[in-house]
Amino acid sequence: MACSCCENQFDDLTQYISGVFDPEHPQSSLISILHHAQERYGYLSKDVIEHIAQVTEVPAAEIYGVVTFYSLFKTKPQGKHRISVCMGTACYIRGGAKILEALEDMLDIKPGETTEDMLFTLSETRCIGACGLAPIMTVDDKVYGRVEPEQVKGIIAEWREKAEKV
Amino acid sequence: MKRKIIVCSGSACIDPGGKRLEPELRRILGDKNAFDLVEIEEAVCYGHCGSCPMIVVEPEGTFYGELNSEKLARIIDEHIIGGQPVEALLATQPMDTSRIRMLGSADFFGKQLRITLRNCGIIDPESFDDYLQMRGYEALAKVLEQMTPEQVISEVEKSGMRGRGGGGYPTGLKWRQSTGHDEEKSFVICNADEGDPGAFMDRSAIEGDPFCILEGMTIGGYAIGATQGYVYVRAEYPLAIKRLRYAIDEARKRGLLGKSIFGTNFNFDIDIRLGAGAFVCGEETALIASIEGRRGMPRPRPPYPAQSGLWGYPTLINNVETWANVPAIFLNGADWFAGIGTEKSKGTKVFALAGKIKNTGLVEVPMGTTLREIIYDIGGGIKNDKKFKAVQTGGPSGGCIPEQFLDTPVDYESLMKAGSIMGSGGMIVMDEDTCMVDVAKFFLTFTQDESCGKCTPCREGTKRLLEILTRITEGKGVPEDLQKLEHLGKTVKRASLCGLGQSAPNPILSTLQNFREEYEAHINEKRCPAGVCSALLNYYVDPDKCVGCTLCAKVCPVKCISGEPKKTHVIDTSICIKCGECKKKCPVKAIYRK
Numbered sequence: 207m208a209c210s211c212c213e214n215q216f217d218d219l220t221q222y223i224s225g226v227f228d229p230e231h232p233q234s235s236l237i238s239i240l241h242h243a244q245e246r247y248g249y250l251s252k253d254v255i256e257h258i259a260q261v262t263e264v265p266a267a268e269i270y271g272v273v274t275f276y277s278l279f280k281t282k283p284q285g286k287h288r289i290s291v292c293m294g295t296a297c298y299i300r301g302g303a304k305i306l307e308a309l310e311d312m313l314d315i316k317p318g319e320t321t322e323d324m325l326f327t328l329s330e331t332r333c334i335g336a337c338g339l340a341p342i343m344t345v346d347d348k349v350y351g352r353v354e355p356e357q358v359k360g361i362i363a364e365w366r367e368k369a370e371k372v
Numbered sequence: 061m062k063r064k065i066i067v068c069s070g071s072a073c074i075d076p077g078g079k080r081l082e083p084e085l086r087r088i089l090g091d092k093n094a095f096d097l098v099e100i101e102e103a104v105c106y107g108h109c110g111s112c113p114m115i116v117v118e119p120e121g122t123f124y125g126e127l128n129s130e131k132l133a134r135i136i137d138e139h140i141i142g143g144q145p146v147e148a149l150l151a152t153q154p155m156d157t158s159r160i161r162m163l164g165s166a167d168f169f170g171k172q173l174r175i176t177l178r179n180c181g182i183i184d185p186e187s188f189d190d191y192l193q194m195r196g197y198e199a200l201a202k203v204l205e206q207m208t209p210e211q212v213i214s215e216v217e218k219s220g221m222r223g224r225g226g227g228g229y230p231t232g233l234k235w236r237q238s239t240g241h242d243e244e245k246s247f248v249i250c251n252a253d254e255g256d257p258g259a260f261m262d263r264s265a266i267e268g269d270p271f272c273i274l275e276g277m278t279i280g281g282y283a284i285g286a287t288q289g290y291v292y293v294r295a296e297y298p299l300a301i302k303r304l305r306y307a308i309d310e311a312r313k314r315g316l317l318g319k320s321i322f323g324t325n326f327n328f329d330i331d332i333r334l335g336a337g338a339f340v341c342g343e344e345t346a347l348i349a350s351i352e353g354r355r356g357m358p359r360p361r362p363p364y365p366a367q368s369g370l371w372g373y374p375t376l377i378n379n380v381e382t383w384a385n386v387p388a389i390f391l392n393g394a395d396w397f398a399g400i401g402t403e404k405s406k407g408t409k410v411f412a413l414a415g416k417i418k419n420t421g422l423v424e425v426p427m428g429t430t431l432r433e434i435i436y437d438i439g440g441g442i443k444n445d446k447k448f449k450a451v452q453t454g455g456p457s458g459g460c461i462p463e464q465f466l467d468t469p470v471d472y473e474s475l476m477k478a479g480s481i482m483g484s485g486g487m488i489v490m491d492e493d494t495c496m497v498d499v500a501k502f503f504l505t506f507t508q509d510e511s512c513g514k515c516t517p518c519r520e521g522t523k524r525l526l527e528i529l530t531r532i533t534e535g536k537g538v539p540e541d542l543q544k545l546e547h548l549g550k551t552v553k554r555a556s557l558c559g560l561g562q563s564a565p566n567p568i569l570s571t572l573q574n575f576r577e578e579y580e581a582h583i584n585e586k587r588c589p590a591g592v593c594s595a596l597l598n599y600y601v602d603p604d605k606c607v608g609c610t611l612c613a614k615v616c617p618v619k620c621i622s623g624e625p626k627k628t629h630v631i632d633t634s635i636c637i638k639c640g641e642c643k644k645k646c647p648v649k650a651i652y653r654k
C-alpha cells in the first residue's frame with residue numbers, strides 16, 4: 207500500500223487515472239497516464255511509477271519497460287528549459303549538426319544532459335515537421351528557425367536573462 | 061467593398077522569432093483606423109513555404125510574400141485603404157522572379173492537383189461549419205443511406221487506391237480482408253505516427269483539415285462493421301492533436317460520431333492515442349502494441365492486423381492520407397478517382413519537399429508526374445543555383461535518386477526501379493555540397509537508434525553497418541568495406557522482422573549503387589569530395605586574407621602554424637590535429653577547411 211503522504215502528493219494523478227482507466231484493458235491508457243504524469247511532475251520518478259503501478263495494478267516492472275522504450279519519457283530531473291535541436295533530414299542537410307555543436311560548446315553538456323545550474327536540458331529531437339524553417343532549434347515551445355551557429359550565443363543569453371529576472 | 065485578409069498560420073509562416081503575423085497586422089490596422097475595411101481570417105499552410113510569412117487579400121486573391129511590419133503597413137495603406145494592389149510586394153515565381161498576381165497562378169500550384177489537401181488553406185480547421193460547406197459529410201450520408209458495406213468496399217476496390225503510408229498495398233483489398241471474421245468486434249485505426257525525418261504531409265493534412273480524416277474513418281468503420289476507431293498520432297504534433305480533439309468533439313455534438321449516426325443503427329466513435337517518441341511505432345503491429353499500452357515492438361506477420369489486430373480483433377489500419385482520400389472517392393465516384401494517375405498508381409500523392417530547394421513546401425501531384433517537374437517546375441530548382449546531386453525519397457527506408465533518373469514518373473513501381481521507394485512522401489533535395497556517405501550515415505544513425513532490438517539482424521546489423529560507415533567517413537575505411545556493406549546490407553534486408561530493418565540498408569545500398577565513386581574517394585584517396593566529413597578535411601590559411609596577427613599560431617596546441625608577425629602564416633597539415641581553434645580565433649576569417 208502507498209503511504210499516506212504519497213497518496214496526497216499524487217491525488218491529482220489518481221484522479222486522472224480513474225478518468226481514463228478502462229477496466230477491460232487495464233494497460234491501454236498507460237501511455238496517456240505517463241504523458242500526464244510527466245507533464246505534471248516534470249519527469250517520471252520511481253515514486254510516480256510505483257504509484258501508477260498500484261492504482262492500475264499493472265506491474266511496476268512492466269511500466270518501467272514502457273517508460274524506457276519511448277524516448278519522450280524521462281526518468282531523470284530535467285532542466286528548467288528544454289533546448290532541442292531538430293535532427294530531421296532537412297535540418298541536418300542545412301547544418302543542424304553545427305547548431306548542436308555550438309550549443310554543446312556553449313553549455314558544456316552533451317545531448318541528454320542538464321547544465322549544473324539545472325537551467326537547461328539539451329536534446330536532439332526528431333523532425334518536428336517545420337522543414338521550411340530548417341535548421342531549427344526550440345527552447346520550450348518557442349521555435350527558432352533558420353538558425354546560424356553564431357546566433358546561438360544570443361539565444362542562450364536571452365533565456366539566461368529571463369531566468370535571472372524571475 | 062470589404063476585403064478579406066487571409067493570414068497563413070502554418071508552422072513555417074510563424075515568424076522565426078516565434079511571433080505570428082496576425083497580431084502585428086491587427087496593431088497596424090488599429091493604428092490606421094482601418095479595421096472596418098477588412099476581415100481577418102487565419103488559414104492553414106498553403107504549402108508555398110518558400111514565400112513565408114505570407115498573406116492573401118481577397119477577393120482579388122492577391123498573394124504577398126516574405127512580409128515584415130513595414131511591408132504590411134504599405135499593403136494596408138495602398139491596397140486596403142487605397143484600393144491598389146502593391147505590385148512591388150507580390151510574391152515571386154522562383155524560376156524567373158516574375159511577380160505572382162494571384163495565389164492560384166503561382167507556378168508552384170500549376171502542376172498540382174489537390175485531393176488530399178483539397179480543403180487545406182481553404183477552410184478554417186477550427187470551424188466544423190466550414191467543412192460542412194465544402195460538402196463535408198455528404199459522402200458519409202450517401203454511404204449510410206444508399207450503400208451496403210459490400211458496395212462501399214467494392215467502390216474502394218474500383219477506385220484502385222493504394223496505401224499512402226508507403227507500402228502501396230491495395231486499399232480495397234485491405235478493407236475486404238478486414239471483414240468476414242467471426243469476431244464480436246473489429247477496429248479502425250488511423251496511422252498518424254509520421255516518423256520519417258523530413259516528412260510533414262500528415263501533420264499538415266491534419267492541421268489543415270482534421271474533419272475529412274474522421275469522415276473517412278467513419279466510412280471505413282461502416283464498411284467493416286467496426287464500432288470504435290483510434291487515431292494514433294505523434295505527441296510531437298501538439299497543434300494537430302488539438303485540432304483533432306476539436307473535430308472529434310464537434311462531430312460527437314452533431315451526432316456524426318457516437319450512437320445511431322444520421323439516424324441509422326450504425327454506431328461509431330473515435331478516440332485519440334498519443335505516441336511517445338518511437339519511430340518503430342509507425343509499423344502496424346508495433347503501433348497496435350503501443351495503443352495497447354505496451355512497448356511498441358513489432359511481431360511477425362501473418363496473422364495480419366486485418367485478421368488479428370488490436371486485442372486480437374480484426375483491425376483496419378490506414379494512413380492519414382489514405383483516409384483523407386476516402387470521402388473524395390465517394391463524392392466524385394470511383395471512376396473519377398481511377399481516371400487520375402497512372403495504370404497501376406491511381407490518384408494523387410502528397411510530398412513534403414524540403415532540403416536545398418527554393419520552394420520548400422507541401423505539394424500534391426497526380427501519380428505519374430516526374431521528379432523533374434516536382435523539383436524544378438514546382439520546387440523552383442536548387443537553392444543558390446548550386447548543382448543538383450540527388451533527391452532522397454522514402455526517408456530512412458528509401459534511397460537517393462541521381463540526376464539521370466530525374467525523369468522517373470512518381471509511382472510505386474518506377475521509384476522502386478530507380479532504387480528508392482515511394483515511402484510516405486518525404487522528398488529531400490540534395491546539392492553538390494551534400495556528401496552521400498554522410499547522408500547514408502545520417503539515416504543509419506537514425507534507424508540504428510530507433511531499432512527496437514527485438515530481432516538480431518536489425519539490432520546487430522544496423523550497428524555494424526553504422527560502424528563501417530563511420531570508419532569510412534573518418535578516413536579509416538579499407539576497400540573491402542564496400543563489399544561488406546553490400547553483403548551485410550542485403551542480409552539485414554532479408555532477415556529482419558519488420559519494415560524498419562527490412563528497409564534500413566536502403567540508403568546505403570542506393571548510394572553505393574549510384575554514388576560509388578564518393579565512397580571510393582573516402583576510402584582510397586582519404587578525401588570527401590563534398591567537403592563535409594571533417595576528419596578528411598584540412599585547415600588552410602588564405603594568403604590573401606591573412607594579416608599576420610599571430611593569434612592562430614599562439615592558440616595552436618600542437619604548434620603547427622608558422623609565420624612571422626605581419627606576414628602570411630602557414631599550417632603544417634601533417635602535424636595539425638584539426639581542433640579548429642585557429643579558425644575560431646582568426647579575426648579576419650582567413651582560415652578555411654577543405
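Here the protein sequences come in this chain order: A and B.
Each residue of the first sequence is one higher than the last, beginning at 207 in our numbering.
Each residue of the second sequence is one higher than the last, beginning at 61 in our numbering.
Ideal Cβ positions, reconstructed from N, Cα and C, are used throughout, including at glycine.
From a predicted model like this one, the values you see are computed outputs, not experimental measurements.
Out of the options, state which residue places its alpha-carbon closest to the alpha-carbon of residue i.
i       : options                            : result
H139(B) : L85(B), E130(B), R63(B), L200(B)   : R63(B)
G181(B) : I115(B), D242(B), T231(B), G255(B) : I115(B)
T239(B) : K443(B), Y373(B), T505(B), L347(B) : Y373(B)
Q244(A) : P283(A), Q233(A), E230(A)          : P283(A)
V380(B) : G485(B), E243(B), Y306(B), F503(B) : G485(B)
P625(B) : T633(B), I635(B), K614(B)          : K614(B)
N598(B) : F575(B), D189(B), I637(B), G323(B) : I637(B)
E424(B) : P145(B), E118(B), T176(B)          : T176(B)
S457(B) : T505(B), K449(B), T208(B)          : T505(B)
S474(B) : T430(B), T208(B), D632(B)          : T430(B)
Is it true that the CB of residue j sits closer than 8 Å to the CB of residue i?
i       : j       : result
G220(B) : K406(B) : yes
G17(B)  : I258(A) : Residue 17(B) lies beyond the range of chain B shown here (61 to 654); nothing can be said about it.
N179(B) : Y191(B) : yes
L376(B) : V248(B) : yes
K447(B) : D491(B) : yes
P387(B) : E243(B) : no
S511(B) : G561(B) : yes
G412(B) : F169(B) : One point to set straight first is that residue 412(B) is Ala, not Gly, in the sequence displayed. Cβ atoms of A412(B) and F169(B): not closer than 8 Å.
Look up residue i in the DSSP assignment and say whether it is helix, strand or coil.
i       : result
Y373(B) : coil
C639(B) : coil
D331(B) : strand
K280(A) : coil
G367(B) : The sequence shown places Gln at residue 367(B), rather than the Gly named in the question. DSSP places Q367(B) in coil when its eight states are reduced to three.
C558(B) : coil
I175(B) : coil
F465(B) : helix
Y249(A) : coil
P426(B) : strand
E330(A) : strand
M207(A) : Below a pLDDT of 50, predicted positions are generally treated as unreliable, and M207(A), at 45, falls in that range; the measurement from the model is reported next regardless. Of the three classes helix, strand and coil, the one that applies to M207(A) here is coil, per DSSP.
Discussion item. For the pair the segment 544 to 562 of chain B and the segment 518 to 527 of chain B, tell me if three or more CB-CB distances fall below 8 Å.
Written reply: yes
Practice prompt. Inspect the CB distances between the segment 253 to 268 of chain B and the segment 365 to 375 of chain B and report whether three or more fall short of 8 Å.
Written response: no
Worksheet item: For the segment 501 to 530 of chain B, which residues have a beta carbon sitting closer than 7 Å to at least one beta carbon of chain A?
Response: F502
Practice prompt. Decide yes or no for the touch test of the segment 581 to 589 of chain B against the segment 560 to 572 of chain B: beta carbon pairs closer than 8 Å, at least 3 of them.
Written response: no
Practice prompt. Identify each residue in the segment 235 to 260 of chain A for which the Cβ-Cβ distance to at least one residue of chain B is less than 8 Å, and report them in chain order.
Written response: S235, L236, I237, S238, L240, H241
Practice prompt. Pair every Cβ in the segment 458 to 466 of chain B with every Cβ in the segment 476 to 494 of chain B, then say whether three or more of these pairs are closer than 8 Å.
Written response: yes
Worksheet item: What residues in the segment 466 to 492 of chain B have a beta carbon less than 8 Å from any beta carbon of chain A?
Response: G486, I488, M490
Practice prompt. Say whether the segment 285 to 303 of chain A touches the segment 316 to 327 of chain A, bearing in mind that this needs 3 or more beta-carbon pairs closer than 8 Å, one atom from each stretch.
Written response: yes
Worksheet item: Are the segment 525 to 539 of chain B and the segment 591 to 608 of chain B in contact at 8 Å, needing three or more beta carbon pairs?
Response: yes
Worksheet item: Taking contact to mean at least 3 C-beta pairs separated by less than 8 Å, is the segment 339 to 355 of chain A in contact with the segment 302 to 310 of chain A?
Response: yes
Item to complete: Would you be able to state if there are at least three C-beta pairs under 8 Å between the segment 124 to 140 of chain B and the segment 81 to 93 of chain B?
Response: yes
Worksheet item: Which residues, in order along the segment 413 to 434 of chain B, keep a beta-carbon less than 8 Å from a beta-carbon of chain A?
Response: A414, G415, K416, T420, G421
Worksheet item: Looking at C-beta atoms only, is the number of pairs between the segment 260 to 274 of chain B and the segment 295 to 302 of chain B that lie closer than 8 Å three or more?
Response: yes
Discussion item. Against chain B, which members of the segment 290 to 302 of chain A pass a CB distance test of less than 9 Å?
Written reply: C292, M293, G294, T295, A296, C297, Y298, I299, R300
Discussion item. Short of 8 Å Cβ to Cβ, which residues in the segment 321 to 346 of chain A face chain B?
Written reply: T331, R332, C333, I334, G335, A336, C337, G338, L339, A340
Practice prompt. Pair every Cβ in the segment 206 to 218 of chain B with every Cβ in the segment 330 to 337 of chain B, then say whether three or more of these pairs are closer than 8 Å.
Written response: no
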